[in-house]
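**Q** Got a structure here, written out as structure tokens. Questions coming.
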Amino acid sequence: MDKYKMKNLTSSDIDRIIALAWEDEVPFRAIKFQYNILEKDVIKIMRNNIKRSSFKMWRKRVTSRISRKSDKIQYKSLKKLN
Numbered sequence: 002m003d004k005y006k007m008k009n010l011t012s013s014d015i016d017r018i019i020a021l022a023w024e025d026e027v028p029f030r031a032i033k034f035q036y037n038i039l040e041k042d043v044i045k046i047m048r049n050n051i052k053r054s055s056f057k058m059w060r061k062r063v064t065s066r067i068s069r070k071s072d073k074i075q076y077k078s079l080k081k082l083n
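The sequence shown finishes on residue 83 if you use the numbering used here, and the numbering steps up by one all the way, no holes.
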């Protein structure tokens with residue numbers, strides 16, 4: 002994501018992205034669908050906006066879960082949060 006798109010995210014958008022990223026059932030593609038940002042951008046947002054220890058714990062959890070990359074997961078969790 003370029004710096005222009007990153008600047009256009011409001012603090013409530015960033016809070017929402019962080020909340021979605023913490024959800025185990027929400028894949029990165031659901032976040033991309035809603036905010037048009039890539040997985041690497043979500044990682045940057047998480048790295049810059051949560052504590053270092055929380056980021057490490059989140060990355061460990063995300064990389065160990067296959068469900069994050071699964072195409073079988075529906076957007077039901079995303080719809081619940083709207």
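Glycine included, each C-beta is placed from N, C-alpha and C at the ideal position.
Return the residue from the list A22, D16, K41, L10 that minimises the CA-CA distance to M58.
**A** Along the sequence shown, read from residue 1 onward, the residue named residue 58 stands at position 57. Nearest of A22, D16, K41, L10 to M58, Cα basis: A22.
**Q** Classify F29: buried if its beta carbon has 16 or more other beta carbons within 10 angstroms, exposed otherwise.
**A** The sequence position of residue 29 within the sequence shown is 28, counting from 1. Classification for F29: buried.
**Q** On the three-state DSSP scale, how would you describe V27?
**A** In the sequence shown, residue 27 corresponds to position 26, counting from 1. Three-state result, V27: coil.
**Q** By the DSSP assignment, the alpha helix (DSSP H) with N49 in it spans what residues?
**A** One-based indexing of the sequence shown puts residue 49 at position 48. From DSSP, the alpha helix (DSSP H) with N49 extends over 40–50.
**Q** Thinking F34 and M47 are a contact (beta carbons under 8 Å), I'd like their distance in whole angstroms, please.
**A** Locating residue 34 in the sequence shown gives position 33, where the first residue counts as 1. Locating residue 47 in the sequence shown gives position 46, where the first residue counts as 1. Incorrect: roughly 18 Å between the Cβ atoms, too far for contact.
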